[in-house]
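Chemist: I'd like to ask some things about the structure below.
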Amino acid sequence: MSETVTLTVSGMTCQHCVAAVRKALQAVDGVEEVTDVSLADNSATVKGVADPRALIAAVQESGYSAALR
């Protein structure tokens, strides 16, 4: 069963940042789809069965801050 997880992402300032966060999240095991990464809302929404800690770590490794929303 798929779950939807939404993260608050800090530090994104442009579309390049959005693309970097999307790419990082897509690489996490269990992610089926990154449904949204929003610069305006400082958020990212992921569908799948992934460990939220792994999602946060992937965003942080890309140079941004993240937390569960």
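Under the working numbering, the first residue of the sequence shown is numbered 568, with each subsequent residue one higher. Don't be surprised by glycine CBs; every beta carbon is placed ideally from N, CA and C.
Could you give the residue range of the beta strand (DSSP E) that holds VAL616?
Modeler: One-based indexing of the sequence shown puts residue 616 at position 49. Where VAL616 is concerned, there is no enclosing beta strand (DSSP E), given that its DSSP letter is neither H nor E.
Chemist: Using a Cβ-Cβ cut-off of 7 Å (strictly less than) and excluding sequence neighbours within five positions of ALA586, which residues of its own chain qualify?
Modeler: Translated into positions along the sequence shown, residue 586 becomes position 19. Counting only Cβ-Cβ distances below 7 Å, and skipping sequence neighbours, we find nothing.
Chemist: Could you give the distance in angstroms between the alpha-carbon of SER577 and the alpha-carbon of TYR631?
Modeler: In the sequence shown, counting from the first residue as 1, residue 577 sits at position 10. In the sequence shown, counting from the first residue as 1, residue 631 sits at position 64. The straight-line gap from Cα to Cα measures roughly 6 Å.
Chemist: Residues in the same chain with beta-carbon distance under 7 Å from VAL616, minus the five sequence neighbours each way, listed in chain order, please.
Modeler: Position 49 of the sequence shown, counted from the start, is the residue given in the question as residue 616. Cβ neighbours of VAL616 beyond the five flanking positions: SER569, GLU570, GLY597.
Chemist: Measuring only the C-alpha atoms, how far is ALA621 from CYS581?
Modeler: One-based indexing of the sequence shown puts residue 621 at position 54. One-based indexing of the sequence shown puts residue 581 at position 14. The straight-line gap from Cα to Cα measures roughly 24 Å.
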